[in-house]
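What follows is a set of notes on a single structure, which appears directly below.
Protein chains: 2
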Amino acid sequence: MNIVLLSGGSGKRLWPLSNDIRSKQFIKIFKLEDGRYESMVQRVYRQIRNVDSGARITVATSKTQVSAIHNQLGDGVGISVEPCRRDTFPAIVLATAYLHDVQGIDPEEGVVVCPVDPYVDESYFAMLKTLGQQAEKGEANLVLMGIEPTYPSEKYGYIIPENKDIISKVSTFKEKPDIKTAETYIAQGALWNGGVFAYKMSYMLEKAHELIDFTDYQDLFAKYETLTPISFDYAVAEKESRIQVIRYGGQWKDLGTWNTLTESMEESAIGEAVLNEKCENVHVLNELGIPILCMGLHDVIVSASPEGILVSDKIQSSYIKPFVDKIDQQIMFAEKSWGSFRVLDVEDESLTIKVTLNAGHSMNYHSHKNRDEVWVVVSGRGRTIVDGMEQVVHTGEVITMQAGCRHTILADTELKLIEVQLGKEISVHDKRKYPLEQ
Amino acid sequence: MNIVLLSGGSGKRLWPLSNDIRSKQFIKIFKLEDGRYESMVQRVYRQIRNVDSGARITVATSKTQVSAIHNQLGDGVGISVEPCRRDTFPAIVLATAYLHDVQGIDPEEGVVVCPVDPYVDESYFAMLKTLGQQAEKGEANLVLMGIEPTYPSEKYGYIIPENKDIISKVSTFKEKPDIKTAETYIAQGALWNGGVFAYKMSYMLEKAHELIDFTDYQDLFAKYETLTPISFDYAVAEKESRIQVIRYGGQWKDLGTWNTLTESMEESAIGEAVLNEKCENVHVLNELGIPILCMGLHDVIVSASPEGILVSDKIQSSYIKPFVDKIDQQIMFAEKSWGSFRVLDVEDESLTIKVTLNAGHSMNYHSHKNRDEVWVVVSGRGRTIVDGMEQVVHTGEVITMQAGCRHTILADTELKLIEVQLGKEISVHDKRKYPLEQ
Numbered sequence: 069m070n071i072v073l074l075s076g077g078s079g080k081r082l083w084p085l086s087n088d089i090r091s092k093q094f095i096k097i098f099k100l101e102d103g104r105y106e107s108m109v110q111r112v113y114r115q116i117r118n119v120d121s122g123a124r125i126t127v128a129t130s131k132t133q134v135s136a137i138h139n140q141l142g143d144g145v146g147i148s149v150e151p152c153r154r155d156t157f158p159a160i161v162l163a164t165a166y167l168h169d170v171q172g173i174d175p176e177e178g179v180v181v182c183p184v185d186p187y188v189d190e191s192y193f194a195m196l197k198t199l200g201q202q203a204e205k206g207e208a209n210l211v212l213m214g215i216e217p218t219y220p221s222e223k224y225g226y227i228i229p230e231n232k233d234i235i236s237k238v239s240t241f242k243e244k245p246d247i248k249t250a251e252t253y254i255a256q257g258a259l260w261n262g263g264v265f266a267y268k269m270s271y272m273l274e275k276a277h278e279l280i281d282f283t284d285y286q287d288l289f290a291k292y293e294t295l296t297p298i299s300f301d302y303a304v305a306e307k308e309s310r311i312q313v314i315r316y317g318g319q320w321k322d323l324g325t326w327n328t329l330t331e332s333m334e335e336s337a338i339g340e341a342v343l344n345e346k347c348e349n350v351h352v353l354n355e356l357g358i359p360i361l362c363m364g365l366h367d368v369i370v371s372a373s374p375e376g377i378l379v380s381d382k383i384q385s386s387y388i389k390p391f392v393d394k395i396d397q398q399i400m401f402a403e404k405s406w407g408s409f410r411v412l413d414v415e416d417e418s419l420t421i422k423v424t425l426n427a428g429h430s431m432n433y434h435s436h437k438n439r440d441e442v443w444v445v446v447s448g449r450g451r452t453i454v455d456g457m458e459q460v461v462h463t464g465e466v467i468t469m470q471a472g473c474r475h476t477i478l479a480d481t482e483l484k485l486i487e488v489q490l491g492k493e494i495s496v497h498d499k500r501k502y503p504l505e506q
Numbered sequence: 069m070n071i072v073l074l075s076g077g078s079g080k081r082l083w084p085l086s087n088d089i090r091s092k093q094f095i096k097i098f099k100l101e102d103g104r105y106e107s108m109v110q111r112v113y114r115q116i117r118n119v120d121s122g123a124r125i126t127v128a129t130s131k132t133q134v135s136a137i138h139n140q141l142g143d144g145v146g147i148s149v150e151p152c153r154r155d156t157f158p159a160i161v162l163a164t165a166y167l168h169d170v171q172g173i174d175p176e177e178g179v180v181v182c183p184v185d186p187y188v189d190e191s192y193f194a195m196l197k198t199l200g201q202q203a204e205k206g207e208a209n210l211v212l213m214g215i216e217p218t219y220p221s222e223k224y225g226y227i228i229p230e231n232k233d234i235i236s237k238v239s240t241f242k243e244k245p246d247i248k249t250a251e252t253y254i255a256q257g258a259l260w261n262g263g264v265f266a267y268k269m270s271y272m273l274e275k276a277h278e279l280i281d282f283t284d285y286q287d288l289f290a291k292y293e294t295l296t297p298i299s300f301d302y303a304v305a306e307k308e309s310r311i312q313v314i315r316y317g318g319q320w321k322d323l324g325t326w327n328t329l330t331e332s333m334e335e336s337a338i339g340e341a342v343l344n345e346k347c348e349n350v351h352v353l354n355e356l357g358i359p360i361l362c363m364g365l366h367d368v369i370v371s372a373s374p375e376g377i378l379v380s381d382k383i384q385s386s387y388i389k390p391f392v393d394k395i396d397q398q399i400m401f402a403e404k405s406w407g408s409f410r411v412l413d414v415e416d417e418s419l420t421i422k423v424t425l426n427a428g429h430s431m432n433y434h435s436h437k438n439r440d441e442v443w444v445v446v447s448g449r450g451r452t453i454v455d456g457m458e459q460v461v462h463t464g465e466v467i468t469m470q471a472g473c474r475h476t477i478l479a480d481t482e483l484k485l486i487e488v489q490l491g492k493e494i495s496v497h498d499k500r501k502y503p504l505e506q
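Line by line, the protein sequences are chains A and B. Each residue of the first sequence is one higher than the last, beginning at 69 in the working numbering. Each residue of the second sequence is one higher than the last, beginning at 69 in the working numbering.
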């Protein structure tokens, strides 16, 4: 199957583990049998591969997530990069054009679109395959997944099917209702709209050319910023009459808040933590390398990362967003395509960070206008290139770089270094990239 | 007045702000009018100076606290260093011998002994002066302070005075009782024993020579390890018949647990913190440089330092000790006589720390057998001496030191540096000191 995973924006509702550059789908929170942890995006990717080892997976996302996706899913995954955010319709058109024009997929093939972060079992992905196959049959232009509601939720839109068959025509769509209205919808046999649907590629390309003036993927990518933001539901789904829904009654959870997320944790703590026997319904997620001791707490989430620390009543944690918006914390940790970095110390005119490069990876070849840098290699082997001069480096090596000099480091093994940045105007934007002169 | 402040051992009950090397009296927790904070020992020192600007203050303490005391009180304070812990009687004898033999104080002068960490107002120290003057009069050999009880506490010993006068002879001492017994003591007019007393120096020296075989301060210091640990109450006070008590009815608090300590905090938070409007009776002490967000908590203390994070119900926080005993965390922060250091990053074969030297101070001249070191000066000016070679250094300077080389740095202004330690067996014990060859 062809599957497009929509990887959404910066979530602050899982602060401090999510932030402006790390979305919730990249937090490693689900324990594997070997004791390691995987993120939501890794879990979904693994589940799809288990159900359909030949699935062609494309992640539709913004530039800011590309590094994290490569870091977590490897270099094999297809990525349709949105130059900027223009809501779901342009994003789906861009991904479809990418499949057609870049990957050369037959336009008669089906495509399934799905958010990157549902907490589900594998039967969900088996159902996605069915959705794609149903779309290829051509009985309808769009085939939606309808999730059987477990309670009258105000958080989701509803799909009213014409009948109670597994596959039914869609009668109508309903916006997020209040609880009373939700109850009446459910009495009518309504299903939750989880944002999952399938179509034949040729259908979507036709719709795209109707609504957007473009020739091919390259052209669309180039003019992406000029497009009007519009949702897929509004632009297409609500206006389409040849539309079916397939009902899904398996596990499906939306882990969008600390409260729902911790319900799916197998243990009370990830990371270093001690909970005394008077703690009840307490969950700790600790990404700081220091212990957290909890005593006598009830219904509390404690979450700590280099960005900050949250201590919240579980119900209250749903109201986190305005408080996090007020916190003005610089980015303290980031995953990059080549590894990761963490800020260790901040002074007025210096910044000390720890850089971890994965084996075989390297930074961009770059320079800074307003800062000198010092690298101290603390583990691993690699090569530096400074102003064109290559040098083999290993643990203990010290490299000093004046402002303006071009530099990079290539890791032959996993390589860790302490970088001290020195200057009056230290900024992540003070960076100029160059092609590597090799 | 001559005052000896007993500065006690490593408290784990205020973890993570106190630890094996930082006792609770050094935590900066009390807000000054200028917005800065002072520690318990700084507060007491300042209060004594306000009441008696000529007071001769001596801190009796262990070697491990000397750096922190000089850092917080300056170099002017007298320190009687106990080579090891031998309980209060040997400690008081050592401090008294120090006053007599090192400082040359007239043996007819009074000495007041007082713990370093009572939370009191200045009337308390005015009373200490009265205690010393009363001891000099010679009506009694020992003059105790008796604190008027505010509730029947199980935590304190009691003094039963002969009558209710301000100054009375002591009838008898009582060990820490249960609540019922405490009530009967209080009905008899009993006072709390806060461990405060005064004596004429000649009296204590006489007692000391009766019980310990020594000639003078130097001799006592040299044989200190061979002494039998014994408390002052048991060795002297309970056997003394010429003993008076002066009653004190002013403010007096023992801030030994998070629960009692936070009651004396003027604000709900020290350090970066946001508390939402649903928080009630929540206190945050944050020594990490990252924000803490609290939501919907009741009666909770959150305390964070480079050593770890405590999140506890306030009542439960009294039972912290056994849990902290189980946490095996290396020292992550320490005050030294020359400034402070903080651990930034720990790897198997490297350790990165940030060192802050106060202006005019320097480290010991020292070497390490098993590690190389790299210094990157991130602010300030000073001079390094490496294997006898002096060099002026300033922001941006990088100094590399091989294992075995002798080195130090002298700060001309406040000076901050990042130190990367590299080696297979990094240990604080791998240090050899040398006299400076200047």
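Just so it is clear, CB atoms sit at the ideal spot from N, CA and C, and this is done for glycine as well.
Interface partners of residue i on chain B, CB under 8 Å
i        : result
Asn344/A : Gln384, Tyr387 and Phe391
Cys182/A : Per Cβ cutoff of 8 Å: no residues; Cys182/A is ~32 Å from chain B at best.
As assigned by DSSP and simplified to three states, the class of residue i
i        : result
Ile528/A : One cannot answer for residue 528/A here, as it falls past the ends of chain A, which runs 69 to 506.
Asn261/A : strand
Pro503/B : coil
Gln133/A : helix
Trp320/A : strand
Val304/B : coil
Lys80/B  : coil
Ile518/B : Since the first residue of chain B shown is 69 and the last is 506, residue 518/B is not available in this structure.
His462/B : strand
Leu199/B : helix
Asn349/B : strand
Reference residue i; option with closest CA among the options
i        : options                                   : result
Arg117/B : Ala194/B, Lys484/B and Pro297/B           : Ala194/B
Thr463/B : Glu482/B, Ala471/B, Thr476/B and Gln93/B  : Glu482/B
Pro175/B : Tyr271/B, Glu230/B and Val379/B           : Tyr271/B
Thr198/B : Val313/B, Trp406/B and Val238/B           : Val313/B
His436/A : Lys80/A, Glu331/A, Ala427/A and Gly472/A  : Gly472/A
Asp169/A : Leu273/A, Gln256/A and Thr218/A           : Leu273/A
Thr164/B : Lys92/B, Leu288/B and Gly206/B            : Leu288/B
Val161/A : Tyr502/A, Lys244/A, Lys422/A and Lys291/A : Lys291/A
Lys96/B  : Thr330/B, Ile421/B and Ala208/B           : Thr330/B
Thr240/B : Asp233/B, Pro229/B, Ser371/B and Ile125/B : Pro229/B
Asp233/B : Gln286/B, Thr252/B and Tyr316/B           : Tyr316/B
Ile395/A : Glu417/B, Ile467/B and Gly357/B           : Gly357/B
Thr468/A : Lys131/B, Ser135/B, Val119/B and Val445/B : Val445/B
Leu490/A : Leu504/A, Glu417/A, Tyr502/A and Ile477/A : Glu417/A
Partners in chain A for residue i, counting only beta-carbon separations shorter than 7 Å
i        : result
Pro359/B : Gly376, Ile395 and Gln397
Ala372/B : Ile377
beta-carbon residue i near the ligand ADP non-hydrogen atom, thresh 7 Å
i        : result
Val454/B : The ligand ADP is absent from the structure shown, which contains no ligands of any kind.
Beta-carbon neighbours of residue i, restricted to chain A and to distances below 9 Å
i        : result
Leu365/B : Leu365, Val368, Val379, Ser380, Asp381 and Gln384
Chain-ordered chain B contacts of residue i [CB-CB under 7 Å]
i        : result
Val444/A : Val442 and Val488
Cys152/A : In chain order: nothing, as chain B lies at least about 29 Å away.
Chain-ordered neighbours of residue i on chain A, where CB pairs are closer than 8 Å
i        : result
Ser447/B : Glu415, Asp416, Glu417 and Ser418
inquiry  = Under 8 Å, CB to CB, which of the residues in the segment 449 to 482 of chain B have a partner in chain A?
reply    = Thr463, Gly464, Val466 and Thr468
query = Touch check for the segment 291 to 298 of chain B and the segment 323 to 343 of chain B: three-plus C-beta pairs under 8 Å?
reply = no
task = Mind checking the segment 314 to 336 of chain A against chain B and listing, in chain order, the residues whose C-beta falls within less than 9 Å of any C-beta there?
result = none
The segment 413 to 435 of chain B: positions lying closer than 8 Å to chain A by Cβ = Asp413, Val414, Glu415, Asp416, Glu417, Ser418, Thr420 and Lys422
query = Three or more beta-carbon pairs under 8 Å between the segment 375 to 391 of chain B and the segment 81 to 94 of chain B, yes or no?
reply = yes
task = Quick one: which residues of the segment 480 to 503 of chain B get their C-beta closer than 7 Å to a C-beta of chain A? List them in chain order.
result = Lys484, Ile486, Val488 and Leu490
message = For the pair the segment 208 to 220 of chain B and the segment 246 to 262 of chain B, tell me if three or more CB-CB distances fall below 8 Å.
response = yes
task = Mind the definition here: the segment 484 to 503 of chain A touches the segment 149 to 159 of chain B only if three or more C-beta pairs lie below 8 Å; say whether that holds.
result = no
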